[in-house]
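Under this note's numbering, think of the first position of the sequence shown as 6, with each following residue one higher.
Each residue gets a CB set at the ideal place from its N, CA and C atoms; glycine is no exception.
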Amino acid sequence: MGQEIYYISLIILFVNLILFFYIEKLSKISGILDKPDQKLKIHKYSISNFGGIFFFLSFLIYFVFLSLSYLYEVNFLNKSALLIFLISSTLIYLLGIFDDKYNVNYITKFIIFAIILIFLVFSDNQLKIEYLRFTFTDKQFHLGNYSIIFSVFCIIVFINAFNLFDGINLQCGFYYLILSLSLFFIAKSTFFLLMIIPTIFFLILNFKNKVFLGDNGTLLLSFFISYFVIKFYNLKIISSDQIFILMLLPGIDMLRLFFKRLLNRQNPFKGDRNHLHHYLSTKYGIYISNVIIQSLILIPIILHFGFNLETPILVILSIFVYSMLIYFHKYKNEK
């Protein structure tokens, strides 16, 4: 397996190097560009929205190479599961591309998502969350007939949270890097280690304000994370509350905004500039904001997986720090 991974990594590196130099031309040819509107999109000129291509081609190389090399018979991806995963991932990526180009209605996207995910969960028993397990209790909660609905719901919620989290440069790229490294250390899966390659190439271009992830990137990456996290959960590699720690900050921010929009009788799916990252970037700039946000993500992960601090304590502390940041922003604005 070691030699195969070496060749795969070289191919992924080569493909990403080509994309690195030609991504802007590809974006102009395909029309996958993010155009400023001076409301939600305040950049001065059109920027490539094709960031997901780095990850899509990299994962395609990895899994196709493994399937051709007859190395797919690992404990969480047999031949049929791999085929279904490839089809589902490709459909979700294409949906993101279509959305970036034609701005698909959110209801239409939700319906298409639901169809793809229901098909996926029905086709792969390892994606059905039948029990909820936590590290701080020996009790297990059986979901029974609600397992498929709950599984699809969890994937959609995280995909939506990840998509909303993509608001300033570097934020989602670094978050995905943290998740990839965390899942590599948790599950020892080489896939997540190799996915660092496209992440670095993307982050360099994103830092230079030349490429955004776009919906094609956020939908694909959040689907990857959701898919493998559920697989690892059903293999008892990770527990429910540990998953919650990994996805805590985007989840808190999404819930706050959803409730706030509903209370104000606004569309909960309509974008705005009321996210934590918008508040922080307005005051401190993008780079300091990223340091603060990535610290809020990384510190609970280190404290839990490195020092065994219990999840409820970390959740309470994270919500407290998050609330204080929101409060001080509003307090200073009111003054």
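Exercise. Please name the residue or residues paired with I52 in a DSSP beta bridge.
Key: As a position in the sequence shown, residue 52 is number 47, starting the count at 1. The partner list for I52 (beta bridge, DSSP) reads D39.
Quiz item: Looking at the structure shown, is V326 part of a helix, part of a strand, or coil, going by DSSP?
Solution: The residue you call residue 326 lines up with position 321 of the sequence shown. In this structure, V326 counts as helix in the three-state DSSP scheme.
Quiz item: Is L285 helix, strand or coil by DSSP?
Solution: Taking the sequence shown and counting its residues from 1, one reaches residue 285 at position 280. Correct three-state label for L285: helix.
Self-check item: Outcome for D143 when other beta-carbon atoms lying within 10 angstroms are tallied against a minimum of 16
Solution: For the purposes of this step, residue 143 is taken as residue 138 along the sequence shown, with counting starting at 1. That one is exposed.
Quiz item: Where R278 and G256 are concerned, what is the direct C-alpha to C-alpha distance, given to the nearest angstrom?
Solution: Numbered from 1 along the sequence shown, position 273 holds the residue referred to as residue 278. Numbered from 1 along the sequence shown, position 251 holds the residue referred to as residue 256. Distance between the alpha carbons of R278 and G256: 17 Å.
Quiz item: Among D258, L226, L91 and I307, which has the Cα closest to the Cα of F190?
Solution: Position 185 of the sequence shown, counted from the first residue, corresponds to residue 190. It is I307 whose Cα lies nearest to the Cα of F190.
Practice problem: Kindly indicate the opening and closing residues of the alpha helix (DSSP H) around L96. | Solution: By 1-based counting over the sequence shown, the position of residue 96 is 91. K84 to Y107 is the extent of the alpha helix (DSSP H) around L96.
Quiz prompt | Pair within 9 Å by beta-carbon distance, L225 and G36 | solution = Within the sequence shown, the letter at position 220 stands for residue 225. Within the sequence shown, the letter at position 31 stands for residue 36. Result no, Cβ atoms of L225 and G36 do not sit closer than 9 Å.
Quiz item: Taking three-plus beta-carbon pairs below 8 Å as touching, is the stretch 201–216 in contact with the stretch 257–272?
Solution: no
Quiz item: If you draw a straight line from the C-alpha of K106 to the C-alpha of I318, how long is it?
Solution: Taking the first residue of the sequence shown as position 1, residue 106 is located at position 101. Taking the first residue of the sequence shown as position 1, residue 318 is located at position 313. If you take the alpha carbons of K106 and I318, they lie about 43 Å apart.
Exercise. Could you check what DSSP says for L73 in three-state terms: helix, strand or coil?
Key: Translated into positions along the sequence shown, residue 73 becomes position 68. Of the three classes helix, strand and coil, the one that applies to L73 here is helix, per DSSP.
Quiz item: According to the Cβ coordinates, are I173 and L253 closer than 9 Å?
Solution: Start at 1 with the first residue of the sequence shown, and residue 173 comes out as number 168. Start at 1 with the first residue of the sequence shown, and residue 253 comes out as number 248. No, they are not a contact pair.
Exercise. Flag this pair as touching only if the stretch 66–74 and the stretch 6–17 have three or more C-beta atom pairs under 8 Å; answer yes or no.
Key: yes
Self-check item: Whole-angstrom C-beta distance between I164 and F228, which should lie under 8 Å
Solution: As a first step, residue 228 is located in the sequence shown; it is residue number 223 there, counting from the start. As a first step, residue 164 is located in the sequence shown; it is residue number 159 there, counting from the start. 6 Å between Cβ atoms; contact.
Exercise. Keeping to the same chain, check which residues put their C-beta closer than 7 Å to that of I121; ignore five residues upstream and five downstream.
Key: Translated into the one-based positions of the sequence shown, residue 121 becomes position 116. The residues are S93, L96 and I97.
Quiz item: Hey, would you say N211 sits closer than 9 Å to K133, going by beta carbons?
Solution: By one-based count along the sequence shown, residue 211 stands at place 206. By one-based count along the sequence shown, residue 133 stands at place 128. Result no, Cβ atoms of N211 and K133 do not sit closer than 9 Å.
Exercise. In angstroms with no decimal places, state the Cα-to-Cα distance between L169 and E315.
Key: The count along the sequence shown starts at 1 and reaches residue 169 at position 164. The count along the sequence shown starts at 1 and reaches residue 315 at position 310. So the two alpha carbons sit approximately 27 Å from each other.
Quiz item: D104 to L175, Cα distance in whole Å?
Solution: Your numbering for residue 104 matches position 99 in the sequence shown. Your numbering for residue 175 matches position 170 in the sequence shown. Straight-line Cα distance between these residues: approximately 21 Å.
Quiz item: Can you name the start and end residues of the alpha helix (DSSP H) that L208 belongs to?
Solution: Taking the first residue of the sequence shown as 1, we reach residue 208 at position 203. I201 to F212 is the span of the alpha helix (DSSP H), which, as asked, contains L208.
Exercise. Compute the beta-carbon to beta-carbon distance between Q247 and H309, rounded to the nearest angstrom, for a pair I have assumed lies under 8 Å.
Key: Taking the first residue of the sequence shown as position 1, residue 247 is located at position 242. Taking the first residue of the sequence shown as position 1, residue 309 is located at position 304. 7 Å between Cβ atoms; contact.
Quiz prompt | Delimiting residues of the alpha helix (DSSP H) encompassing F229 | solution = By one-based count along the sequence shown, residue 229 stands at place 224. Taken as a continuous stretch (DSSP letters only), the alpha helix (DSSP H) holding F229 covers G219 to N239.
Quiz item: Does DSSP put L148 in a helix, a strand or coil?
Solution: By 1-based counting over the sequence shown, the position of residue 148 is 143. Coil at L148, not helix or strand.
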